[in-house]
Each structure stands twice: as C-alpha cells, then as structure tokens.
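Reviewing the structure listed below.
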Amino acid sequence: MDSNKEIARIVASNPAYRNIIERTSVRRYTTETVDDTLKEALCLAAMSAPSGVNRQPWELIVVDRRELLDALADALPYAKMTAHAPMAIVVCGNRERFLDGDDATLWEQDLSAASENILLAAHALGLGAVWTCLYPHPDRMEAVARVLGIPEGIVPFNLIPVGHPEAPHAPMDKWHPDRVHHNRLTD
Ligand SMILES: Cc1cc2nc3c(=O)[nH]c(=O)nc-3n(C[C@H](O)[C@H](O)[C@H](O)COP(=O)(O)O)c2cc1C
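Note that the numbering used here has the sequence shown beginning at 12, numbered continuously upward.
What follows is the structure, given as structure tokens:
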C-alpha cells in the first residue's frame, strides 16, 4: 500500500480530518467583527472536550470590548496581536472543580483539550485563532486577572485571540515518521 497516497485521499475526502491537518496559528485579522453565534459555537466546542472524571473545570471569558482587548495586548508581551483582534477567549480553570492528589494537575490537560477544540472550531468556521500562553507565568496570569477582574479561585490559563484571517495560511509540515514508534520504543 502507498500510505502517502492513502493519507492524501483521506485528507481530500474527509473535511473533519482535513480541518485538523490544515489548522494553523493565525495572528493577523481583518477588522470584521465575529458574529455572536460564532462566539457561542467556539465556546460550545471548548466545552465538548474530554476532561478527567468529567470535571469540566473550565470557565470561558469572551472578550470583545476594544478597551479590554487593548489593555490585554498592552499587558502581555506574547499576545500583542490581541490589539488587532475583534475578540479573544480567555480559557480559565475553576479551582472548585480541580481534582486532588495525583490528579491535581489534570485540569491543565482538560483546559488544553478545550483550547485545541477552540482552535479547531475557529478554523472550521473560517476564523483564525492562536493559543497565547498565560499559565504558568504568574506575571501574565496576574495581568489578565487585573484587566478582567478575575478572582483568586479562577486561574487564567491561556488567551486565544480570534478573528477573520487577513490572508490564507499554509500549514507547516510537522510530520515526523521517525517519532512514531510501534510497540516497544526500543524495538
Ligand atoms: C502551550 C502553547 C503556548 C503558546 N504560546 C504562544 C504565545 O504566547 N504567543 C504566540 O504567538 N503563540 C503561542 N503559541 C502558538 C505556537 O507558537 C504555535 O502553535 C506553533 O508555532 C506551531 O504553529 P501552528 O499552530 O501554526 O501549527 C503557543 C502554543 C501552545 C500550544
């Protein structure tokens, strides 16, 4: 079997799979606003993610007020594109729904799954988005908490600016067959 050809056939024929393969980070947007229904669709996608013990420990803050987006961009060195985005979603964790003991950090994985769902949903809806890192940087988390009035029990995890892409993006080739291992790693 020619697996390259088979994979190309799957990419060409399966829109859900193609959406995963073709998503890219988008950091430049047009000035067009994002429809309220699309904002809700992004949040629904986030909340459709799997989570440990189904705790769903997320809180989502949809930011679309210009002065708040500008204040976030000012405060965050690696999220300057927020100043040109019509909206952003701040993905947060709610400490009341975190697990204990060895599972105490599972919320990070839960919020990562929710975040990737937002990125994939944005791409599927013709939008562009990028994950910008807050957690575990105390300065960035505190800055976002200050701008958005987030209390102690809610942990700002990342900030995802979203908008209509200014230009189409070609995905990077990140396929490394040598990093796929079959059965025992050392075989
Ligand atoms: C945990 C994490 C943190 C990231 N932080 C930032 C960030 O602070 N600013 C930014 O512009 N991009 C950030 N990115 C996006 C990455 O730079 C991007 O995903 C990577 O370069 C691969 O490009 P692609 O998303 O187009 O495939 C982050 C991505 C992840 C998963």
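Yeah, the Cβ is synthetic: ideal placement off N, Cα and C, and Gly gets one too.
Spatially closest choice to residue i from the options, by CA coordinates
{"i": "LYS91", "options": "ARG151, ASP189, LEU196 and THR197", "result": "ARG151"}
{"i": "VAL101", "options": "HIS134, ASP121 and TRP142", "result": "TRP142"}
{"i": "ILE32", "options": "ALA56, ILE161 and ALA181", "result": "ALA181"}
{"i": "ALA124", "options": "VAL22, HIS95 and CYS103", "result": "CYS103"}
{"i": "ALA86", "options": "THR197, ARG195, ARG190 and ARG157", "result": "ARG157"}
{"i": "HIS134", "options": "THR197, SER24, GLU153 and TYR28", "result": "TYR28"}
{"i": "ALA140", "options": "VAL64, GLU70 and PRO97", "result": "PRO97"}
{"i": "LEU159", "options": "SER62, SER14 and ALA84", "result": "ALA84"}
Whole-angstrom distance between residue j and residue i, CA atom to CA atom
{"i": "GLN67", "j": "GLY164", "result": "15 Å"}
{"i": "LEU55", "j": "HIS193", "result": "35 Å"}
{"i": "ARG39", "j": "LEU130", "result": "15 Å"}
{"i": "ALA19", "j": "LYS185", "result": "15 Å"}
{"i": "LEU110", "j": "LYS16", "result": "44 Å"}
{"i": "MET58", "j": "ARG77", "result": "25 Å"}
{"i": "THR44", "j": "HIS175", "result": "8 Å"}
{"i": "ASP189", "j": "ASP47", "result": "43 Å"}
{"i": "VAL191", "j": "VAL22", "result": "19 Å"}
{"i": "THR93", "j": "ALA99", "result": "7 Å"}
Buried/exposed call for residue i, threshold 16 Cβ in 10 Å
{"i": "MET183", "result": "exposed"}
{"i": "GLY112", "result": "exposed"}
{"i": "PRO167", "result": "buried"}
{"i": "PRO26", "result": "exposed"}
Residues that DSSP places opposite residue i in a beta bridge
{"i": "GLY104", "result": "TRP69 and VAL166"}
{"i": "GLY139", "result": "GLY174"}
{"i": "TYR40", "result": "PRO176"}
{"i": "CYS144", "result": "ASN169"}
{"i": "ALA84", "result": "In the DSSP output, where bridge partners are listed per residue, ALA84 has none listed."}
{"i": "MET98", "result": "VAL173"}
{"i": "VAL155", "result": "Per DSSP, none; premise fails for VAL155."}
{"i": "VAL74", "result": "ALA99"}
Closer than 7 Å: residue i CB and nearest ligand 2 heavy atom
{"i": "SER36", "result": "Ligand 2 is not part of the structure shown, which contains ligand 1 as its ligands."}
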